[in-house]
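First the structure, in the form of structure tokens, and then the observations on it.
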Amino acid sequence: MLHVKHLSKSYGSQVILDDVSFVVNAGERVGLIGPNGAGKTTLLRCIVGEEAPDRGEVVRSPRDAEIGYLPQALRGMEALTIADAVAAAQREWVEAERALAESGARLADDASDAALAAYDAALARFEALGGYDREQRAAAILAGLGLGTVDDERPVASLSGGQKTRLGVALLLLREPDMLVLDEPTNHLDVEALVWLEGFLTNFPGAVLVVSHDREFLDRTVQRILFLDPETHQVRSYPGNYTAFAAARQQEAEQQREAWVRQQEYINRVRGDIGRLKGEAQAIERSTTPRQPGVRVLARKKAALAKAREKKLERFLESDERVEKPRPRWGLKLDFGEPPPGGRAVLSLEDVAFGYPGQAPLFTGVSFDVQHGDRIAVVGPNGSGKTTLLRLIEGTLSPTAGTVRLGATVRLGVLAQEQETLDPALSVLETALRERAMSETEARSFLHYFLFSGDAALRPVGRCSLGERARLQLALLVLRGCTLLLLDEPLNHLDIEGREHFAAALEAYGGTVFAVVHDRAFLRTFGGRIVALERGTACVYPGYEEYLEAGAW
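For the sequence shown, my numbering begins at -12 and goes up steadily by one.
Right, dumping it as structure tokens:
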């Protein structure tokens, strides 16, 4: 289906891909993973032809096989309505339906054999493309991705970023290409839409190559993992899903460590032997005279043996047999620290309702209390008001009914989903210095823990990737010393290792956490209450397992 052969790509002196080769077979579902900045999106762009590699080639089999690429799905459709965009994604079917209608209309005036044959041909083509079931399929895809209730005459340009992402996925699935190439399709999907997409991809007859940082999504959908190593800039293939990959990587790391320890023991032993032989040779030379040639021959033999072993060791150390010392993985260092002291009562919502003017209320009757140290995860379908609830707590919106009370000593830290709190004109370093008074050296040292080193700290925020902006927002939260963290999709754009570091940091944090999250692996270990916005109100569950048992999603 797809054969990537010896692909290499660099930007100036920065190597991104180096002799990358792999195959995706017809009907196979493959996950592509790696740290932020490893080059996953660059690799996908080379595969679909949006970027030219420096060397190597991408071969499709057959040559005319169609590849559907998620970022391309909405290009040129901003001026269309949703209905027009859906029609454009099914252009062949729409044309076949029109041809069938025209052939049927001609039959009213012309019942000749030629007209009947033309109608039969039009009907056969229409049915081959899905017939009238195609409309039901389109409606099912839109509904499955949470777009079923959106007015299909609404302009694409008016949709939110999350809605555009979901519409892009829908249009791609409607096209039915031979292969799907998906870059982070799970961002902006709620749990229900995630489960639907997993089922769709599992039953998709073509090949799938997907970049995702959602561990449970990868476990449920892919049959093989391609890991893009940021150190070698090459791809390694692992059979099975993400859990199998993680176990294999852990085993590799343990085996490398054991092999390196054995190697060091061998090197130390050989060096010890060399030193002993040299010492013995020197001792003999010192303790004898030229009149004792037989004894001095022994000294020369020991010295020659030491030299031979030294050369053999040098050849080994320069050979491919040498085991490299395992490198500690460089990941985010998150330490929120102990929050400032404060009262037990952090937050209280009493009979809260909110609705935008001229629209039905998003929710009503929302009531719950939050104490110091509580963990609250907010879940619910897209459009149920999760971000709105956070903004009510933050104070940037006011409820249409009820009250929202923050404790008197609460110090808020907000991480916004759309990253709108960041100034794109400031550099990463300037952003950190604006947050807290410190020297440039101290700021650079601090940012290093968030993977901003060297020139990366001087890059304007507006030129940073989404993953880099997410890391910067986390850095700012650490600087603020907050007692209450309001986190709106904090895991978006973080790679898998970054998500694990973030989860560990939250576990160690002594303050209160209120987070909108869709990552199911994160929710299972979060260890707090679940506030589910559903059917226009809020239901509170003691934990994630109780939420699942209730079948709320």
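Built from N, CA and C at the ideal position, the CB exists for glycine as well.
For the 9 Å CB-CB criterion, Arg431 and Ala444 form a contact. Shortest Cα-Cα distance from Leu30 to any of Glu494, Phe214, Ala180, Ala108 involves Phe214.
By the Cβ neighbour-count rule, Tyr(-2) is exposed, with fewer than 16 other Cβ atoms within 10 Å of its own. Cβ neighbours of Asp475 within its own chain (closer than 6 Å, five residues either side excluded): Thr374, Leu377, Ala403, Gln404, Val503. Leaving aside the five residues that flank Ala332 on each side, the residues in its chain whose CB is nearer than 7 Å to its CB run, in chain order, Gln358, Gly394.
With a 10 Å radius around the Cβ and a threshold of 16 neighbouring Cβ atoms, Asn255 comes out exposed. For the set Thr276, Ala291, Asp100, the Cα lying nearest the Cα of Ile261 is the one of Ala291.
Excluding residues up to 5 positions away in sequence, nothing lies with its Cβ nearer than 7 Å to the Cβ of Lys294 in the same chain.
DSSP, read as helix, strand or coil, puts Lys(-8) in strand. For Tyr436, no beta strand (DSSP E) segment is defined, and its DSSP state is neither H nor E. Here His(-7) is exposed. Its C-beta has fewer than 16 other C-beta atoms within 10 Å.
The continuous alpha helix (DSSP H) containing Pro280 extends over residues 280 to 304. With a minimum length of 3 residues, the unbroken runs of beta strand (DSSP E) contained wholly in the stretch 29 to 78 fall at 42 to 47, 54 to 56. With a minimum length of 3 residues, the unbroken runs of beta strand (DSSP E) contained wholly in the stretch 185 to 231 fall at 194 to 198, 211 to 215, 222 to 226.
Per DSSP, the unbroken beta strand (DSSP E) holding Gly352 starts and ends at 350 to 358.
When only Cα atoms are considered, Pro529 and Arg511 end up about 12 Å apart. For Tyr528, the enclosing beta strand (DSSP E) stretches over residues 524 to 528. Going by DSSP, Val365 is part of the beta strand (DSSP E) stretching over 362 to 366. DSSP, reduced to helix, strand and coil, places Leu154 within a helical segment of the structure shown. With respect to Ala231, Leu158 sits apart: the two C-beta atoms are not nearer than 9 Å. The DSSP-derived three-state label of Thr375 is helix. Taking 9 Å as the cut-off, the beta carbon of Ala286 is found closer than this to the beta carbon of Glu267. The way I'd put it, the stretch 54 to 64 does touch the stretch 149 to 163; three or more beta-carbon pairs between them come closer than 8 Å. In the DSSP assignment, Ala502 falls within the unbroken beta strand (DSSP E) covering 499 to 503. Its Cα nearest to that of Leu188, the residue Met166 stands out among Val178, Met166, Ser(-5), Tyr229.
Thr152 is classed as buried because its beta carbon has at least 16 other beta carbons within 10 Å across all chains shown. Take Gly360, set aside five residues on each side of it, and the residues of its chain with a beta-carbon closer than 8 Å to its own are Gly497, Gly498, Thr499, in chain order. Scanning the stretch 100 to 177 for uninterrupted beta strand (DSSP E) segments of 3 residues or longer gives 166 to 170, listed from N- to C-terminal end. With 16 or more other Cβ atoms from the protein chains shown falling within 10 Å of its own Cβ, Pro22 counts as buried.
Note that the stretch 238 to 250 does not touch the stretch 271 to 284; fewer than 3 beta-carbon pairs, one per stretch, sit closer than 8 Å.
Closest by C-alpha distance to Gly193, out of Ala419, Gly468, Gly485, Ala13, is Ala13. Where Glu521 is concerned, the enclosing beta strand (DSSP E) starts and stops at 516 to 521.
In this structure, the straight-line span from the alpha carbon of Leu87 to that of Gly118 is close to 10 Å. Shown here, Val7 sits in a strand according to DSSP, grouped into three states. In chain order, Leu(-6), Lys(-4), Pro40, Val45 place their CB closer than 7 Å to the CB of Cys33, counting only its own chain and leaving out the 5 sequence neighbours on each side.
Taking the Cα positions, Ser354 is about 11 Å away from Arg392.
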